[in-house]
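Position one of the sequence shown corresponds to residue 612 (my numbering), numbered consecutively onward.
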Amino acid sequence: MLGFISQHRKVIILSTKPRIVVVGAGYAGMMTTKRLTQQLQPQEADIVLVNKHNYHYQTTWLHEVAAGTIDPNRARIMISDVIDTKRVQMVYDTVTELQPQNERVLLENGELSYDYLVVSLGFETATFGIPGIAENAWKIENIESSKAIYHHIESQFIKYASGETEDDTALNILIGGSGFTGIEFLAEVVEKVPELCSKYDIHQSKVRIINVEAAPSILPGFDEELIEYAEKNLSDRGVEFRIGTKIQECTPDSFIVGDDNEEIKAGTVVWTGGVQANPVVGHSGFELTKGKVNARDDLRAPNYDNVFMIGDTSWVWDHENDKPFPVNAQSAIQEADTCAANLQALLQGKETNNFVFDNKGTVASLGKGDAIGTILDDYKLFGKKARLMKNVIDNRYLFLVGGPKLILKKGKVRFF
């Protein structure tokens, strides 16, 4: 008999049915849970979803929250609005350890036993060993950290306008990393700065927006023509790019860069350089490669036939191209479909299927009226057409999770 045991050792969930526990309600966890409720009959299994908060958030919108261009609540979706809580047992708690050898999940306030476990605990920021990043840089990780970034940016304008500081570098916004998140955040900051300058009567020339990237170009993996478009677009709007420039150290108000240890000062220092699996995964004994678990082809964890690793917790190998499939929202949603189908297969004594990523295209926002991207076998999109496609992609996910009602409530309908 399986159950949830509280810190007072009282069993509050009891069942003799197989129990599927999903930990983490990000894109992969939410969609897996949703698919399980659609594909399994109530008598086939109990489904438990564990999440720290009672809401899910749009990770792909956090850069907008961090720049203050959307209200934080816009990016937040109440789990009870999209998951049938009559079918799914909700446990709002923090996972502290996974014990696959004992088939248990330890929580801050108790523990859960399971027959099948889906690990979708999301990410933490990867610092790549750069001194000071963990301690000093702001990071776009969740709703609260993103809100804090914008509040800090605005506080710098308030201090400057009030005369509390006369240091011009206090208004500088310094962003490390020019991958997907970094570039989308830059674009939103570019949109917001004129509004802040107007609000606090500060000339826009007082503000510098600086991006530092060690790689030879921005947006690695994108087509060269799209990269050139994005870089020119942002440069023309005031972004200073320092490409091919390695960050040696991060202080509370600067990056130390390059072989000559140049110091770039700023009142706001944000790191967007990459992510890795939630540290609980590694601390629980799963072997990590570059911060993630190498999942098997059917998404199961090495050595454990009843544990699935999906979303930001894992790499899944693309054997045809001899590299991992992309780890993004699109792949997380597709992994959820495979994961749910494979759980159903295991319950019914059938063979599991391997995950194959179907790349439907990638679009990066350059602000509310602009974007770049590729769809349909590398057909390139620029400008307003790409922006329209970006909104379609965002709204499609809302539809998958919550149907037309969620699109009407949260969807992006302003294209230009």
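Where a beta carbon is used, it is the ideal one built from N, C-alpha and C, also for glycine.
A straight line joining the alpha-carbon of residue 934 with that of residue 900 spans about 13 Å. Rounded to whole angstroms, residue 783 and residue 726 show a C-alpha spacing of 52 Å. Per DSSP, the unbroken beta strand (DSSP E) holding residue 975 starts and ends at 972-976.
Nearest in C-alpha terms to residue 636, of all of 860, 823, 729, is 729. If you check the CB distance, residue 889 and residue 739 do not come in under 8 Å. Annotation: residue 883 to residue 792 spans about 6 Å, alpha carbon to alpha carbon. Here DSSP, grouped into helix, strand and coil, assigns residue 943 to helix. Per DSSP, the unbroken beta strand (DSSP E) holding residue 667 starts and ends at 666-668. Shown here for residue 1021: same chain residues with a beta carbon closer than 7 Å to its own, the five before and five after excluded, namely 685, 688, 1009 in chain order.
Between the C-alpha atoms of residue 769 and residue 780 there is a straight-line separation of about 14 Å. Per DSSP, reduced to three states, the secondary structure at residue 787 is strand. By the neighbour-count criterion, in which 16 or more other beta carbons inside 10 Å mark a residue as buried, residue 954 falls on the buried side. Close CB contacts of residue 705 within its chain, under the 7 Å cut and outside five residues either way in sequence, are with 663, 718, 719 (chain order). Under the three-state reduction of DSSP, residue 935 is assigned to strand.
Comparing alpha-carbon positions, the option among 655, 647, 634 lying closest to residue 959 turns out to be 655. Only residues of its own chain outside the window of five on either side were considered, and among them 904 have a CB closer than 6 Å to the CB of residue 897, listed in chain order.
As the crow flies, the alpha-carbon of residue 893 is around 15 Å from that of residue 634. For residue 851, the closest alpha carbon among the candidates 837, 819, 1007 is that of 819. Secondary structure note for residue 673: it is in no beta strand (DSSP E), and the uninterrupted alpha helix (DSSP H) holding it is 673-678. Secondary structure at residue 710: strand, using DSSP grouped into helix, strand and coil. For the set 829, 864, 1007, the Cα lying nearest the Cα of residue 879 is the one of 864. Between the beta-carbon of residue 801 and that of residue 845 there is about 7 Å, and that keeps the pair under the 8 Å contact cut. Excluding five sequence positions before and after residue 670, none of the CB atoms of its chain fall closer than 6 Å to its own CB. Distance between residue 760 and residue 653, taken at the CA atoms: about 43 Å.
DSSP places residue 721 in no alpha helix (DSSP H) but in the uninterrupted beta strand (DSSP E) bounded by 721-724. Secondary structure remark: continuous beta strand (DSSP E) runs of at least 3 residues inside the region 809-841, in chain order: 820-824.
Rounded to whole angstroms, the separation of the alpha carbons of residue 825 and residue 929 is 26 Å. Look at residue 698 here: in three-state DSSP terms it is coil, with no helix or strand label. If the five residues before and after residue 902 are omitted, its C-beta is found closer than 7 Å to the C-beta atoms of 737, 887, 888, all from its own chain and listed in chain order. For residue 969, the number of other beta carbons within 10 angstroms of its own is below 16, and it is reported as exposed.
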